[in-house]
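Data block below; observations after.
Number of protein chains: 2
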Amino acid sequence: MKKARVIVKLKEGILDPQGETVTKALNRLGFVEVKKVRFGKLIEIELEIEEGIVPRIEAMCQKLLANPVTETYTIEIEED
Amino acid sequence: MKKARVIVKLKEGILDPQGETVTKALNRLGFVEVKKVRFGKLIEIELEIEEGIVPRIEAMCQKLLANPVTETYTIEIEED
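Going down the list, the sequences are from chains U and D. Count the first sequence with this note's numbering and you get residues 667 to 746, in order. Count the second sequence with this note's numbering and you get residues 667 to 746, in order.
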């Protein structure tokens, strides 16, 4: 079993309302040093595959896991 | 300006309905090698602080960013 980790982030310039809300909430809680918060997704995938794992995960990102218009993704493969 | 990155994951044993749905969706799309998917959050924080950044981010996690009952978090500080 292999493990891969996909990190999906909003592209620069795309508004992140959740991040803005959390920035304000942290400021209100006294964390006034916080200037900006951006949210992204971490997707951990366990899969039974021997070879070609990166192009396979890339296909998953393009078809389902990420929105290419608003998001970017990076793929990390965990060593056994 | 410093940058920190918080990764929030569901604890082992906590159900992840989003991950289960995406596992099934990937299988249906032909990615039959996918056995398990778990979702987590990536939170990127920009802050104006010189010292004591890790305990400060830990306090944010405990107060707002993570649910200690169901989630674990890890903190990474980006070097300037």
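Glycine included, every Cβ here is placed at the ideal spot set by N, Cα and C.
Separation of T736(D) from K677(D), as counted between CA atoms: 6 Å
Apart from the five residues just before and just after C727(D), which ones in its own chain have a Cβ nearer than 7 Å to its Cβ? V672, Y739
Does the Cβ-Cβ distance between I741(D) and A670(D) come in under 8 Å? yes
Could you tell me which whole beta strand (DSSP E) segments of length 3 or greater appear in the region 677-719 of chain D? 700-713
I715(U) and R722(U) closer than 8 Å at C-beta: yes
At 8 Å on the CB atoms, spell out the chain U contacts of E717(D), in chain order. Under the 8 Å cutoff, chain U gives no residues; its nearest Cβ is about 11 Å from E717(D).
What residues in the region 700-714 of chain U bring their beta carbon closer than 7 Å to a beta carbon of chain D? V700, K701, K702, V703, R704, F705, G706, K707, L708, I709, E710, I711, E712, L713, E714
Nearest-angstrom Cα distance between G706(U) and P683(U)? 12 Å
Is A732(U) close to chain D? Criterion is C-beta to C-beta, closer than 8 Å. no
Own chain partners of E724(D) with C-beta closer than 8 Å, once the 5 adjacent residues on each side are dropped: I741
Taking the alpha carbon of E744(U) as the point to measure from, which residue in L731(U), P734(U), V720(U) has its own alpha carbon closest? V720(U)
Please decide whether R673(D) counts as near chain U, where near means a Cβ-Cβ distance under 8 Å. According to the sequence shown, residue 673(D) is Ile rather than Arg. With 8 Å as the cut-off, I673(D) counts as an interface residue toward chain U.
Expressed to the nearest angstrom, what Euclidean distance is found between the alpha-carbon atoms of I680(D) and G718(U)? 31 Å
Buried or exposed for V698(D), going by 16 or more other Cβ atoms inside 10 Å? exposed
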